[in-house]
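2 protein chains.
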Amino acid sequence: MTTMSDVARAAGVSVMTVSNVVNGRPRVGAETRLRVLDVIAELGYEVNLNARRLRAGRTDTVALIVPGFEHMYFADLAARVARSLEQTGRHLVVERGGASREGELAALSLARLRMYDGVLLSVVGLERSDIDRLRAATPIVLLGERDLPKRYDHVAMDNVEGARLATAHMLSTGSRDVVILGGSAQAATGEGGMAPTRTVGWRAAHDEAGRAADPRLVVELTHPGTAEARRAVADLVASGTVFDGIFAVTDAVAVGALAGLADAGLRVPDDVQLVGFDNLAVSEFLVPALTTVDPGHDVMVREALRLLDRRIAADGGPVIAERIVGPVRLVHRGTTRR
Amino acid sequence: MTTMSDVARAAGVSVMTVSNVVNGRPRVGAETRLRVLDVIAELGYEVNLNARRLRAGRTDTVALIVPGFEHMYFADLAARVARSLEQTGRHLVVERGGASREGELAALSLARLRMYDGVLLSVVGLERSDIDRLRAATPIVLLGERDLPKRYDHVAMDNVEGARLATAHMLSTGSRDVVILGGSAQAATGEGGMAPTRTVGWRAAHDEAGRAADPRLVVELTHPGTAEARRAVADLVASGTVFDGIFAVTDAVAVGALAGLADAGLRVPDDVQLVGFDNLAVSEFLVPALTTVDPGHDVMVREALRLLDRRIAADGGPVIAERIVGPVRLVHRGTTRR
DNA sequence: CGACGATGGTGTATCGATATACCAGGACGT
DNA sequence: ACGTCCTGGTATATCGATACACCATCGTCG
């Protein structure tokens, strides 16, 4: 591997001059610059980023830490973040926390965090206390809906409102018994994880419509995923529970629900209406196309990067934490009636 | 930030002893080790990975470079690789090449590659000449189906055979006119990108069955994706083309085809059979469930990591490049007849 | 009793780039 | 003629951890 001093020697200048050329700093004469660039091209020199990072601190890299690569939801998010960052000449790497406490904590070790200029952290699977214990110097913006330490910047989506919109739509288009698939029985305050907050919105829609929210229609899923959702719908039908609407807490769950309903010979939306949450890329191509809550990812990503850049610019100085809740919007498609 | 010498001073030992403790090296007495560990815990010390990397070379991190995060296919791959790596105490980061030459080349700069112990590189979008120009010291394993420089290890899936299986199945279950959606008109040799090779398999199935492969049934897609596939099916129907089977070159394309067929009021599999390729997580949950070619990701990942580890172990020494073609398997589901 | 091998530990150079201070020489104003 | 500023450039310490060579005890064995 050629180093800067190899280049310096070959060009007959000091390493510092090479460094200045490489980084486009001004204190170099035009002629010298050209000579150095020639030598660099000839030797195929490239800067050693580890050395630069050690010395200069800067990495020009932002990390997005997600619970797992297999969730389509995060793939979508990652793609958006990457596009935004590239416009500022920076670079995204995605790591996975593993959706387990251990994995996410490992990804969160100060050691690892220090490798990046900033970190966007999806907090699924983390306890509040874990996050509180974190004493990272690296700028962090949290993505998620949990009740999180106030000292962090935090971009959340409006779970309660999204769930309310979804449920209200079904109630207003003729559904009487709307299941929440992937909800949480103990949901109360509007704080907490995704399942509880979305359950609160489901309940709020019932209150508004003057209906009682039947607790038996709250179907919990231990790991809200597609396969489990399909099974849950099968169980629901087998148990003889009466329902004519499903609010699936995520689109992934909705995909499973759609399959489960088809298994049971129930027609969508005629027998059962269905609304998801996330507006995944695949959702509009399902048959019938999935009505879903769009989480406004573009706004979330823009805001998250704004907050991150603000902290990076502050360079460790004090910054007042912000909490931002993105707008949500119901996307009407084929799994609901007009 | 606390450094190793802070710890050393506080514990009354040398930095080297702290380093030995941190890395679990033997030359440390039990009592001293405990004292150092105490101080580490107290000061909240964590090793600076940049410094370690600079000095020691090792990073314990493998990169997977994919064309884009939004392709579900790669999310699946990434999840598998991450799981495998974690079992060996290493760590995965995912970067995106951008599916454009520029992006992928940027991700490929020697500078960036040197940040990892090894790199798995999905070569979609790269020209052979770009890869040839690459003079990286970092171990690289290529994932993809292109005609690639022989000096690289290369894990491909059996595109020709997969496409042949898919097409043959439809031909043997009553389809007479099988469209290849996302194929390539000039496909010939069996080498090249995904579209050409899968087209070769499609043609091979026709040859075997003693049928003529009608070139008008090769539908090209400039960007093989879901939305474009849906449009293409609409165009196909509008043009009055007769067909009763579709081999979609990827599951993402198949999802679009399924939507397009539904739009056109065609029943699957009664009017048109459909087979995809990739066996995405979502495919079994489609309605009807998608018959597809399973690319044997588990084998691909295992082999790719084996090849990578072999190179990492060789530590820059000479290694004979291998080319591995994983097995494929047809997964029968609801979009085809028995 | 002296050599010798474990055991436990230290000092120093080094990885490759960057920050800082400093220097030579020419232009320029007064 | 002299101080001052600007331009173009260099020498050196440093970021934080690790590799290597070396050293001090101490028990023990011939």
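Chains as they are written, first to last, in this note's numbering: chain H, 79 to 416; chain A, 79 to 416. For every residue, glycine included, the Cβ atom is placed at its ideal position computed from N, Cα and C. It should be emphasised that the depicted structure is a prediction, and the values quoted were computed from it without experimental measurement.
- Scanning the stretch 266-310 of chain H for uninterrupted alpha helix (DSSP H) segments of 4 residues or longer gives 272-286, listed from N- to C-terminal end.
- Between residue 125 of chain H and residue 189 of chain A a beta carbon distance of about 5 Å is seen, short of the 8 Å cut, so the two are scored as contacting.
- Annotated three-state conformation of residue 248 of chain H is helix, per DSSP.
- Closest by C-alpha distance to residue 371 of chain H, out of H:345, H:156, H:246, is H:246.
- In the structure shown, the three-state DSSP call for residue 355 of chain A is strand.
- Less than 9 Å separates the beta-carbon of residue 350 of chain A from that of residue 339 of chain A.
- Per DSSP, reduced to three states, the secondary structure at residue 378 of chain A is helical.
- Of all residues in the stretch 121-140 of chain H, only 122, 124, 125, 126, 127, 128, 129, 131, 132 place a beta-carbon less than 7 Å from a beta-carbon of chain A.
- Excluding the 5 residues flanking it on each side, residue 114 of chain H has same chain C-beta neighbours closer than 6 Å at 89, 96, 99, in chain order.
- Taking every protein chain shown into account, the CB of residue 118 of chain H has 16 or more other CB atoms within 10 angstroms, so this residue is buried.
- If you draw a straight line from the Cα of residue 130 of chain H to the Cα of residue 216 of chain A, it is about 18 Å long.
- For the stretch 317-361 of chain A, the full-length beta strand (DSSP E) segments reaching 3 residues or more read 323-326, 351-355 along the chain.
- In its chain, beyond the 5 residues on either side, 356 have a beta carbon closer than 6 Å to the beta carbon of residue 151 of chain A.
- Rounded to whole angstroms, residue 333 of chain A and residue 362 of chain A show a C-alpha spacing of 11 Å.
- Taking every protein chain shown into account, the CB of residue 120 of chain H has fewer than 16 other CB atoms within 10 angstroms, so this residue is exposed.
- Residue state for residue 256 of chain A is assigned as strand, using DSSP reduced to three classes.
- The beta-bridge partner set that DSSP reports for residue 369 of chain H consists of H:353.
- Shown here, residue 197 of chain H sits in a strand according to DSSP, grouped into three states.
- Note on geometry: alpha-carbon atoms of residue 288 of chain H and residue 242 of chain H lie some 13 Å from one another.
- Residue pairing for residue 139 of chain H: DSSP places it in a beta bridge opposite H:169.
- With fewer than 16 neighbouring CB atoms inside 10 Å of its own CB, residue 136 of chain A falls in the exposed class.
- Fully enclosed beta strand (DSSP E) runs of no fewer than 3 residues occupy 139-144 of the stretch 81-160 of chain H, in order along the chain.
- Using a Cβ-Cβ distance cut-off of 8 Å, the stretch 307-316 of chain H and the stretch 272-282 of chain H are not in contact, since fewer than three pairs of beta carbons, one from each stretch, lie closer than that value.
- In its own chain, leaving out the 5 sequence neighbours on each side, no residue places its CB closer than 6 Å to the CB of residue 294 of chain A.
- Residues of chain A whose Cβ lies closer than 7 Å to the Cβ of residue 336 of chain H are, in chain order, 365.
- Per the coordinates, the alpha-carbon of residue 390 of chain H lies some 23 Å from the alpha-carbon of residue 175 of chain H.
- Excluding five sequence positions before and after residue 231 of chain A, the CB atoms of its chain that fall closer than 6 Å to its own CB belong to 219, 385, 399, 400, given in chain order.
- In this structure, DSSP gives residue 398 of chain A a state outside helix and strand, which the three-state scheme calls coil.
- Burial of residue 352 of chain H is indicated by the presence of at least 16 other C-beta atoms within 10 angstroms of its C-beta.
- Here residue 91 of chain A is actually not in contact with residue 83 of chain A; their C-beta atoms are around 11 Å apart, not less than 8 Å.
- Listed as beta-bridge partners of residue 235 of chain H by DSSP are H:404.
- Within its own chain, the residues whose Cβ lies closer than 7 Å to the Cβ of residue 228 of chain H, once the five positions on either side in sequence are excluded, are 399, listed in chain order.
- Sequence-distant partners of residue 375 of chain A (beyond 5 residues in either direction) whose C-beta falls short of 7 Å from its own C-beta, in its chain, are 154, 155, 158.
- Within the same chain, Cβ atoms closer than 6 Å to the Cβ of residue 369 of chain A are found at 353, 410, 411, 413, 414, the five residues on either side in sequence being excluded.
- Sequence-distant Cβ neighbours of residue 405 of chain A in its own chain, meaning closer than 8 Å and more than five residues away, are 236, 374, 377.
- Collapsing the DSSP output to three states places residue 174 of chain H in a strand.
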